[in-house]
Amino acid sequence: MSKDIVILGVGMHPWGKWGRSFIDYGVVAARAALKDAGVDWCDVQFVSGAATIRNGYPGQVSGATFAQALGWQGAQVNTSYAACASGSQALAAARSKILSGECELALVIGSDTTPKGFLAPAKGERPDDPDWVRFRLGITNPSYFALYARRRMALYGDTVDDFAQVKIKNSKHGCENPNARYRKCFSAAEVAASPMVANPLRLMDICATSDGAAALIVSSVDYARRIGRTDAPKVAAISTVTPTFASSMIEMPDLATDSAVSAAAHSFRAALPVKAYEEAGIGPQDIDLAEVYDLSTALELDWMEDLQLCARGEAAALLRSGATQVGGRIPVNASGGLACFGEAVPAQALAQVCELTWQLRGQAGARQVSADAKVGITANQGLFGHGSSVIVKR
Amino acid sequence: MSDKTERPFLEGWFTRDEAGAALIGTRCTSCGTYYFPRQTRFCRNPVCEGEQFEELALSRHGRLWSYTNACYQPPEPFIAAEPFEPFAIAAVELEAERMIVLGPVVQGVDVDALQVGMPMELVIERLCDTPSERLLSWKWKPVV
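So the protein lines, in turn, are chains Z and C.
Heads up: the first sequence begins at 1 in the UniProt record's numbering, then just goes up one per residue.
Heads up: the second sequence begins at 1 in the UniProt record's numbering, then just goes up one per residue.
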């Protein structure tokens, strides 16, 4: 039996710092997705929300929050929390409902409003919480990104200029994206002139935090056929695996890795797409474009290798060849990525799927990748062993 | 010299004895896996059901896996000096435990003095001062 579900519609609220409720952004994105799908809200049978812990109770029950905001109509609801992978978990919940026959048409939605500056832990003295401990020591999220970046420099000879080239490429893509927050092309000199945050990463190497929302309307293959949408892109795989012990990378918010004395060391990031490739029955050679979680410029290079788009240590060379820009052989972050969006946590994994959908339909305007593109992959990773990789095909 | 009372910022996470400073970890008596911070209830190795742990001092020396610094003042619960002084951060690989442990680098050592692969040692140093106390932390220091 096919495990595919169909993406009938996608929608976003533009990323930015708008100072409004996350509910407003979500409704805008949901209505855009419904319109794009050409289906009626009252026909949606399941609302799958990605949770946001920052917006109080409504954020923690986002499925119900959006179902009410759009108008209660008796749909089933669910809310998923999985840090940066929350959107993919919400999509996975919708897929399970659809494939089990419990529903045919679902709304998957994520939206966020973020504070200024560093993401920080909840208040209070909480020495049992590793997140509290690392912030007491002064170890922020960019600290981890910088440790990975410096490691690349030591192992593979990457340079800060290689990292700047990621920003330059993504800013060029983001200029052409009406949903991006930052729509300005940057030069290497501008990146190098931005303030150092966590050596070797500068302000322009690190993604901001943003408000934003993304929504998908997904259905069974049968439903899509009945409404004449057999050509719509499909979700071919959703990987949301946990790490495998002994997890060898130092991860937020931990102060130490697993000890690998009694079990082999494993890379979490590399494991995420492996499951997705297996599920879709394809390999990295079949991928035409990728949307990856560039929390930092250097991390985009790590993801290219974790997705096996090139051999370990060769991502900077692939970037330099021009292959990963729009028009190249394997565009990475044609949307502009987090570099141009900033992170709106529960919306971000869904925004990646929106971009793949527009690209595979040939509707991405000036940032459109090759018309021959048939398969795209996403990848993201967040706190507490959460991560995801989704494959979309046409 | 400060006349403030000194105490560890966390109780039971590190120690200083005749042999020097050390992180306090635990080790599963069934499979030998090390833990920092201490794990005392259930072993996290998926093929081990160990529930007995011995407490021990982790290796005091390791190799620098990677490093960075904090150029901007981190948010609370970080307690900053006025004015904020940037500091380096190290990820150090402990050979015997086969694990990487993070920590601040001692005062006066910035990223220019660090290199991936160099030997590092654990020391105890001032983390910050509160109005009434001096809080101590483990820190990493290059071995010269």
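Cβ coordinates follow ideal geometry from the N, Cα and C atoms, glycine included.
Quick caveat, the model's predicted, so the values are computed rather than measured.
Chain-order list of residues whose beta-carbon lies under 7 Å from that of residue i (same chain, five-residue window excluded)
i	result
F42 of chain C	E51
S262 of chain Z	none
C310 of chain Z	M304 and L318
V44 of chain Z	A75, L105, A106 and L107
F384 of chain Z	A83
A366 of chain Z	E176
residue 400 of chain Z	Because chain Z in this structure spans residues 1 to 394, residue 400 of chain Z falls outside the shown range and cannot be described.
L147 of chain Z	I250
T257 of chain Z	S247, S248, M249 and I250
One or two residues paired with residue i in a DSSP bridge
i	result
S80 of chain Z	Z:A50
S376 of chain Z	In the sequence as displayed, the identity of residue 376 of chain Z is Gly instead of Ser. In DSSP, G376 of chain Z forms a bridge with Z:L289 and Z:V392.
Y34 of chain C	C:R27
P142 of chain C	C:M120
Q381 of chain Z	Z:G387
K234 of chain Z	Z:V6 and Z:K393
C128 of chain C	C:L135
Y67 of chain C	C:A90
I109 of chain Z	Z:G49 and Z:A215
E55 of chain C	C:T26
R21 of chain C	It is Ala, not Arg, that sits at residue 21 of chain C in the sequence shown. In the DSSP output, where bridge partners are listed per residue, A21 of chain C has C:R16.
Presumed contact (8 Å Cβ cut-off) between residue i and residue j, rounded CB distance
i	j	result
D302 of chain Z	A339 of chain Z	So it is not a contact: roughly 15 Å between Cβ atoms.
E291 of chain Z	Q352 of chain Z	4 Å
A192 of chain Z	A214 of chain Z	Not quite, the Cβ-Cβ distance comes to about 32 Å (not below 8 Å), so this is no contact.
A334 of chain Z	H173 of chain Z	5 Å
L107 of chain Z	A30 of chain Z	6 Å
E104 of chain Z	S220 of chain Z	5 Å
residue 402 of chain Z	V390 of chain Z	Outside the modelled stretch of chain Z, which goes from 1 to 394, sits residue 402 of chain Z, for which no answer is possible.
N153 of chain Z	P200 of chain Z	Here residue 153 of chain Z is Met; the residue named in the question, Asn, does not match the sequence. With a Cβ gap of about 7 Å, M153 of chain Z and P200 of chain Z count as contacting.
Y144 of chain Z	I53 of chain Z	That pair is no contact at about 19 Å.
L127 of chain C	P127 of chain Z	Not a contact, Cβ separation roughly 13 Å.
S388 of chain Z	A349 of chain Z	6 Å
Local Cβ density within 10 Å of residue i, reported as buried at 16 or more and exposed below that
i	result
G281 of chain Z	exposed
C42 of chain Z	exposed
P331 of chain Z	buried
T159 of chain Z	exposed
W138 of chain C	buried
A91 of chain C	buried
Y223 of chain Z	buried
W15 of chain Z	buried
S59 of chain C	buried
P178 of chain Z	exposed
G376 of chain Z	buried
K17 of chain C	Correcting the residue identity first, residue 17 of chain C is Asp in this sequence and not Lys. By the neighbour-count rule (16 or more Cβ atoms within 10 Å), D17 of chain C is not buried but exposed.
Q107 of chain C	exposed
T114 of chain Z	buried
Q73 of chain Z	exposed
C185 of chain Z	exposed
Y57 of chain Z	exposed
T378 of chain Z	buried
S86 of chain Z	buried
G11 of chain Z	buried
D162 of chain Z	buried
P104 of chain C	buried
Q89 of chain Z	buried
Proximal residues to residue i (C-beta, below 8 Å), its chain only, five neighbours per side dropped
i	result
V111 of chain C	Y67, T68, N69 and A88
I7 of chain Z	L216, I217, V218, A232, P233, K234, V235, V353, T357 and V392
M118 of chain C	R63, L64, P142 and V143
A271 of chain Z	V241, P243 and T244
residue 448 of chain Z	Residue 448 of chain Z is absent from the model: chain Z starts at 1 and stops at 394.
V116 of chain C	L64, W65, S66 and Y67
L136 of chain C	E6, R7, P8, F9, I124, E125, R126 and L127
S2 of chain Z	V221
Contacts around residue i, its chain only, beta-carbon distance under 6 Å, and the 5 residues preceding and following it disregarded
i	result
E55 of chain C	T26
G26 of chain Z	F66, I109, S111 and A213
V61 of chain Z	T79
A96 of chain C	S59
T5 of chain C	E133
D306 of chain Z	R269 and A270
K169 of chain Z	Q325
Under 9 Å from the C-beta of residue i: neighbouring residues of chain A
i	result
S143 of chain Z	Protein chains in the displayed structure are Z and C, and chain A is not among them.
Margin query: Counting only Cβ-Cβ distances shorter than 8 Å, please list the residues of the stretch 125-139 of chain Z near chain C, keeping chain order.
Written below: E125, P127, P130, W132, V133, R134, F135, R136, L137, G138 and I139
Checklist line | Residues of the stretch 246-263 of chain Z with Cβ closer than 9 Å to any Cβ of chain C, in chain order | finding: A246, S248, M249, I250, D254, L255, A256, T257, D258, S259, A260, V261, S262 and A263
Note to self: Please list, in chain order, the residues of the stretch 196-229 of chain Z that have any C-beta partner in chain C closer than 8 Å.
What the structure shows: M196, V197, A198, N199, P200 and L201
Item checked: Interface positions of the stretch 147-169 of chain Z facing chain C (Cβ-Cβ less than 7 Å), listed along the chain -> L147, R150, R151 and A154
Notebook entry, point to check: If you measure beta-carbon to beta-carbon, which residues of the stretch 7-19 of chain C are closer than 7 Å to chain Z?
Noted result: F9 and L10
Item checked: Cβ-based contacts, 8 Å cut-off: residues of the UniProt domain "ChsH2 rubredoxin-like zinc ribbon" (23-54) of chain C near chain Z -> C28, C31, G32, T33, Y34, Y35, F36, P37, R44, N45, P46, V47 and C48
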